[in-house]
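Asks: After the structure tokens below, expect a handful of questions from me.
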Amino acid sequence: QVGTRIYIANAGDSRSFVGVHVTPPPTAGSDAKATTAIVFGTREDKAHLMKERERVEHMGGTVYLPNGFMDTGKGTTRV
Numbered sequence: 701q702v703g704t705r706i707y708i709a710n711a712g713d714s715r716s717f718v719g720v721h722v723t724p725p726p727t728a729g730s731d732a733k734a735t736t737a738i739v740f741g742t743r744e745d746k747a748h749l750m751k752e753r754e755r756v757e758h759m760g761g762t763v764y765l766p767n768g769f770m771d772t773g774k775g776t777t778r779v
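First residue of the sequence shown? That's 701 in this note's numbering, and the numbers climb one at a time after it.
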């Protein structure tokens with residue numbers, strides 16, 4: 701955040717987060733500390749996740765999961 705503007709970027713398959721950092725104004729005798737919190741995070745578009753698989757199949761697509769993928773996490777899912 702710069703002033704009243706917030707800048708957001710997303711890099712392809714990476715997850716993105718929006719965070720806020722609040723610095724309280726200095727006041728005499730105050731021990732208030734700055735805080736940072738994540739207020740929004742994108743969801744992952746991974747084909748093996750139930751909601752993403754449902755979305756793909758609802759649109760007429762097919763999801764391919766290699767044999768044993770759900771047990772081992774090894775291999776590459778395809779849409």
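Don't be surprised by glycine CBs; every beta carbon is placed ideally from N, CA and C. Given the structure is predicted, the values throughout are model-derived calculations rather than measurements.
What does DSSP give as the partner residue(s) for Val-720 in the beta ladder?
Replies: Ala-737
Asks: What is the rounded straight-line gap between the Cα of Leu-749 and the Cα of Phe-740?
Replies: One C-alpha to the other measures close to 20 angstroms.
Asks: Taking the C-alpha atoms as reference points, what is the distance between Arg-715 and Thr-742?
Replies: 6 angstroms
Asks: Assuming contact is defined by CB atoms lying nearer than 9 angstroms, are Gly-775 and Asn-767 in contact in what I supplied?
Replies: yes
Asks: Would His-721 pass as a contact of Thr-736 if the rule is Cβ separation under 9 angstroms?
Replies: yes
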